[in-house]
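Undergrad:
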Amino acid sequence: MGRLGMNMQNTTNKTVEELIARSNRLGADKRNTNFAGGNTSAKGTETDPVTGEDVELLWVKGSGGDLGTLKAENLAVLRLDRLQALKAVYPGVEREDDMVAAFDYCLFGKGGAAPSIDTAMHGLVDAAHVDHLHPDSGIAIATAVDGEALTSKVFGEKVVWVPWRRPGFQLGLDIAALKEANPQAIGTILGGHGITAWGATSEEAEANSLWIIEQAERYIAQNGKAEPFGTRLPGYAALPEAERRAKAAALAPAIRGLASADKPQVATSATTRESWNSSKAPNIPASARWAPPARTTSSAPRSSPSSWTCPPTPASRRAPRA
């Protein structure tokens, strides 16, 4: 009976400690990923408090939250054997939402965060440590018209292109298959989405993530155009700062209600003014591509799959790197 008193979410596990430290480092630099964007994971073993036997687990950032402030309670903890067994009952892309509900049947112990839609990406890829991030430089490659060709040009054989697919179980299967077919690869560019990197150790996964991000940054810095949005239109030069502030103050009551539920957010940066004062400004909204929002944590009962059976248990802005 003594085993039943063990903490099912053992925060002293070295694998968990390394995952949290890696996540916090990556999330601290917003060039690596946007606030509350991306997720990280690690695979390892823990003792089952009921049987006393070691079981393979996946610790992965759950829905919501930010990598920079990730804590143990923000991790979803799943049995890897049950997650892998879902491949046998996967009904296809038309039932992706059902697969998110199925992750609940793979959870290990009590507590923890709700598994996100990206869980399969981490659990199905044959690597002990996986990072999925949304860096500006990686997204620039991922959303380019010639993104696939750029991926090969920028990264060589070390990074594989994954065509756009809605995040979910099938995307996890796709990445796993590409990794198996390309053993030299350290990660992927996800078309229209972001990047994924992996490693045998937490340090290797982090280093591979940073290499992809920084390699993309270097390429963009060397090959980017001086006026990527086109020439400035006559009559659309930025107003003097004092006049901008006065107009913004007049509009603030309406903008606050529309732009943010938490605090007023009005962008007047040089980059923003350059893009919206340009000849190509009307095309920006139509060409923008965004990843679907993360699944939000809710206390409401989660729906379960209705017609299939779950498997039985078996540079200057960046600090110098050391």
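The sequence shown begins at -13 in this note's numbering and counts up one residue at a time. Yeah, the Cβ is synthetic: ideal placement off N, Cα and C, and Gly gets one too. Predicted model only: the values in this text are computed from it and were never measured.
Are Q70 and V140 touching if we call contact CB-CB under 8 Å?
TA: The count along the sequence shown starts at 1 and reaches residue 70 at position 84. The count along the sequence shown starts at 1 and reaches residue 140 at position 154. It is not a contact, given that the beta carbons lie outside the stated cut-off.
Undergrad: Is K57 helix, strand or coil when you go by DSSP?
TA: Position 71 of the sequence shown, counted from the start, is the residue given in the question as residue 57. K57 falls in the coil class under three-state DSSP.
Undergrad: Can you find the residues in the same chain that come closer than 6 Å, C-beta to C-beta, to E134, ignoring five residues on each side of it along the sequence?
TA: Taking the sequence shown and counting its residues from 1, the one referred to as residue 134 is at position 148. Answer for E134: W147, listed in chain order.
Undergrad: Would you call the CB atoms of L110 and A88 closer than 8 Å?
TA: Taking the first residue of the sequence shown as 1, we reach residue 110 at position 124. Taking the first residue of the sequence shown as 1, we reach residue 88 at position 102. No, they are not a contact pair.
Undergrad: For W262, which three-state DSSP category applies?
TA: Reading the sequence shown from its first residue, position 276 is the one you call residue 262. W262 falls in the helix class under three-state DSSP.
Undergrad: What are the start and end residues of the alpha helix (DSSP H) that includes G30?
TA: On the sequence shown, residue 30 is found 44 positions in, with the first residue counted as 1. From DSSP, G30 is part of no alpha helix (DSSP H) but of the beta strand (DSSP E) over N25 to T33.
Undergrad: Label Y222 either buried or exposed according to how many other C-beta atoms from any shown protein chain fall within 10 Å of its C-beta, with 16 as the threshold for buried.
TA: Position 236 of the sequence shown, counted from the start, is the residue given in the question as residue 222. Exposed, by the Cβ-count rule.
Undergrad: Is W197 helix, strand or coil by DSSP?
TA: Within the sequence shown, the letter at position 211 stands for residue 197. Reduced to three states, the DSSP call for W197 is helix.
Undergrad: Which residues in the same chain as L225 place their Cβ atom closer than 8 Å to its Cβ, once the five residues preceding and following it in sequence are excluded?
TA: Counted from its first residue, the sequence shown places residue 225 at position 239. Within the same chain, L225 has close Cβ partners K233.
Undergrad: Can we say the region 9 to 25 touches the region 113 to 128, given the rule of at least three CB pairs closer than 8 Å?
TA: They touch, by the three-pair rule.
Undergrad: For my contact list, E42 and L5 are in at a C-beta cut-off of 8 Å; report their separation, rounded to the angstrom.
TA: Looking up residue 42 in the sequence shown gives position 56. Looking up residue 5 in the sequence shown gives position 19. About 15 Å separates the two Cβ atoms, so there is no contact after all.
Undergrad: Look at the alpha carbon of G51 and the alpha carbon of F21, and state the distance between them as a whole number of angstroms.
TA: Along the sequence shown, read from residue 1 onward, the residue named residue 51 stands at position 65. Along the sequence shown, read from residue 1 onward, the residue named residue 21 stands at position 35. Distance between the alpha carbons of G51 and F21: 8 Å.
Undergrad: Measuring CB to CB, does L53 end up less than 8 Å from S123?
TA: Stepping through the sequence shown from its first residue, residue 53 is reached at position 67. Stepping through the sequence shown from its first residue, residue 123 is reached at position 137. Taking 8 Å as the Cβ cut-off, L53 and S123 do not qualify as a contacting pair.
Undergrad: Any C-beta of chain B sitting closer than 8 Å to the C-beta of G158?
TA: Of the chains in the structure shown, none is chain B; there is only one protein chain.
Undergrad: Can you tell me where the alpha helix (DSSP H) with E166 in it begins and where it stops?
TA: On the sequence shown, position 180 is the one that residue 166 refers to. Its alpha helix (DSSP H) spans residues F155 to A167.
Undergrad: Determine the burial state of S255: buried for a count of at least 16 other Cβ atoms within 10 Å of its Cβ, exposed for fewer.
TA: For the purposes of this step, residue 255 is taken as residue 269 along the sequence shown, with counting starting at 1. Per the 10 Å Cβ criterion, exposed.
Undergrad: How about S188 and H115: are their beta carbons less than 8 Å apart?
TA: Taking the sequence shown and counting its residues from 1, the one referred to as residue 188 is at position 202. Taking the sequence shown and counting its residues from 1, the one referred to as residue 115 is at position 129. Their beta carbons are under 8 Å apart, which means S188 touches H115 by this criterion.
Undergrad: For I270, which residues in the same chain have their Cβ closer than 7 Å to its Cβ, ignoring the five residues on either side in sequence?
TA: Counting from 1 along the sequence shown, the entry for residue 270 is found at position 284. Result list for I270: S261, in chain order.
Undergrad: Figure out for me which residue from T217, T33 and K16 has the closest Cα to the Cα of N(-1).
TA: Numbered from 1 along the sequence shown, position 13 holds the residue referred to as residue -1. If we check each option's Cα against that of N(-1), T33 comes out closest.
Undergrad: Should V2 go down as buried or exposed, given a rule of 16 or more other Cβ atoms within 10 Å for buried?
TA: As a working mapping, residue 2 is identified with position 16 in the sequence shown. Under this definition V2 is a buried residue.
Undergrad: Within 10 angstroms of its Cβ, does A240 collect 16 or more other Cβ (buried), or is it exposed?
TA: Mapped onto the sequence shown, residue 240 falls at position 254. A240 should be labelled exposed.
Undergrad: Could I get the ranges of all uninterrupted beta strand (DSSP E) runs contained in the region 98 to 136, with 3 residues as the minimum, in chain order?
TA: If we require 3 residues or more, the beta strand (DSSP E) runs fully inside the region 98 to 136 come out as 115 to 119.
Undergrad: From L136, A167, A99 and R151, pick the residue whose C-alpha is nearest to that of L56; which is it?
TA: If you number the sequence shown from 1, residue 56 lands on position 70. If we check each option's Cα against that of L56, A99 comes out closest.
Undergrad: According to DSSP, is L316 part of a helix, a strand, or is it coil?
TA: No answer is possible for residue 316: the residues shown for the chain start at -13 and end at 308.
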